[in-house]
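The following block contains the structure:
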């Protein structure tokens with residue numbers, strides 16, 4: 008049974024008028040995965056600007072001329088061979104006088120064009136150089152592809168638009184403050200940590216130890232560790248002994264008593280780094 012008779016036989020049993028419930032449950036499946044390539048929206052490998060052979064294609068046609076046979080290939084960007092036609096096939100070779108002459112390349116192009124039309128491959132990328140196009144066999148191969156309805160160019164790739172950001176350079180200080188008021192005030196009132204001395208154990212690591220983020224002070228603070236003044240180290244609160252908590256409470260009360268006696272109403276000077284000062 009031919010394909011046309013089979014299709015007419017299958018569709019003869021489909022009712023012409025379907026109920027609304029059945030129409031709403033119909034699922035249309037697109038079985039052509041090349042739709043995005045035809046629309047120019049499929050991802051395309053760009054490669055380098057002067058790379059040879061080029062990589063910016065979806066489907067590329069190649070003529071492989073060997074010492075005994077001639078082969079035409081359509082290669083996908085994933086390096087898979089989609090369609091091929093070769094003089095190694097007995098059905099093609101028995102009609103040719105030679106497997107390597109100009110007529111062989113022309114007939115291989117004619118057969119390859121027919122197979123591409125059957126596979127809905129009508130736009131192919133050609134990476135033939137000017138030197139290879141001067142060859143008579145190569146020119147006959149590509150001319151037979153064009154005569155078979157194959158276009159040796161692909162749909163231009165549609166570049167994705169980049170997200171439009173905010174031009175901070177053209178904004179004034181008032182506009183910046185209006186956008187991020189809390190951030191600006193935080194930066195203005197944050198002291199310069201370079202001019203504030205801190206214990207040696209809190210200094211940032213250098214060398215190989217710098218790459219170990221588990222031992223950095225900021226990562227320990229994020230883990231919930233606190234400073235142990237008795238042993239001068241960072242520990243988790245639950246790992247402290249009971250007498251250490253009592254020791255900290257006594258020190259805190261002692262500092263509070265000293266602070267109450269030395270209280271002054273003079274405002275504390277805020278150190279603003281020069282790089283954060285708005286002029």
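Numbering (the working numbering), first residue to last: 8 to 286.
C-beta atoms are modelled at their ideal positions from N, C-alpha and C, and glycine is treated no differently.
Given a cut-off of 9 Å, decide if residue 128 and residue 81 are closer than it, judged by their beta-carbon atoms. yes
Validate contact between the segment 58 to 68 and the segment 112 to 131 using beta carbons, cut 8 Å, 3 pairs: yes
Does DSSP put residue 234 in a helix, in a strand, or in coil? strand
Express the C-alpha separation of residue 180 and residue 285 in angstroms, rounding to a whole number. 8 Å
Buried or exposed (CB count within 10 angstroms, at least 16 for buried), residue 145: buried
Just the Cα atoms here: how many angstroms apart are residue 89 and residue 123? 9 Å
Assign residue 246 to buried or exposed, taking buried as 16 or more other Cβ atoms, counted over all protein chains shown, within 10 Å of its Cβ. exposed
Just checking my contact of residue 115 with residue 77 at CB under 8 Å: how many whole Å lie between their CB atoms? 5 Å
Neighbourhood of residue 133 by C-beta distance below 7 Å, restricted to the same chain and skipping five residues each side: 68, 149 and 159
With residue 89 as the anchor, note down where its beta strand (DSSP E) starts and where it stops. 88 to 93
How many Å lie between residue 55 and residue 64 at the Cα? 13 Å
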